[in-house]
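Reviewing the structure listed below.
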Amino acid sequence: LQQYQTQCQDDNNHHDDDVDVDVEMCSGMGKDVASEIAEEYAEKYCGFSSMWSISQKKKYKKECLSIGKDDCKGGINDAILKYCGKYVDNSYVLKGLKGQCRSRVKDYIDYSLD
479 LQQYQTQCQD DNNHHDDDVD VDVEMCSGMG KDVASEIAEE YAEKYCGFSS MWSISQKKKY
539 KKECLSIGKD DCKGGINDAI LKYCGKYVDN SYVLKGLKGQ CRSRVKDYID YSLD
């Protein structure tokens, strides 16, 4: 969520600047927040319970981690191009960046399920 906030923050003093807003990331944040709001409403007024069993939570984390990690690794160089204007052509550097994906995705999943 913090990554979304950083990328999507709208500072009134910078409306005229050429800012490349990551629309997909901002949209993702909006959908995540909408889901949280709807879940809170459903718990209060619809009898919905978001309490997952421990086995359901473990299965979800495992599958989500696998998908998120793969998407992260596959998207690193395109994201670098977006923010740096060029691809990383050093395979060692790229491997190091991709190596951060698993722990970062895991942290995000753990945070979102707390």
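For the numbering used here, count along the sequence shown from 1 and bump the result up by 478.
Quick reminder that beta carbons are idealized off the backbone N, C-alpha and C, glycines included.
Give the DSSP-derived three-state secondary structure of residue i in the structure shown.
| i | result |
| --- | --- |
| LYS564 | coil |
| CYS504 | helix |
| SER590 | helix |
| GLN480 | Its pLDDT being 47, under 50, GLN480 is placed unreliably by the model, and nothing is read from it. |
| SER533 | helix |
Just the Cα atoms here: how many angstroms apart are residue i and residue j?
| i | j | result |
| --- | --- | --- |
| GLY546 | GLU502 | 15 Å |
| SER527 | LYS564 | 47 Å |
| LYS576 | LYS535 | 25 Å |
| CYS542 | ILE587 | 8 Å |
| ASP510 | GLU517 | 11 Å |
| TYR538 | LEU572 | 28 Å |
| LYS522 | SER590 | 20 Å |
With C-beta atoms as the reference, is residue i less than 9 Å away from residue j?
| i | j | result |
| --- | --- | --- |
| CYS579 | LYS551 | yes |
| ASP498 | LYS540 | no |
Within 10 Å of its beta-carbon, does residue i have 16 or more other beta-carbons around it, so buried, or fewer, so exposed?
| i | result |
| --- | --- |
| VAL583 | buried |
| ILE515 | exposed |
| ILE554 | buried |
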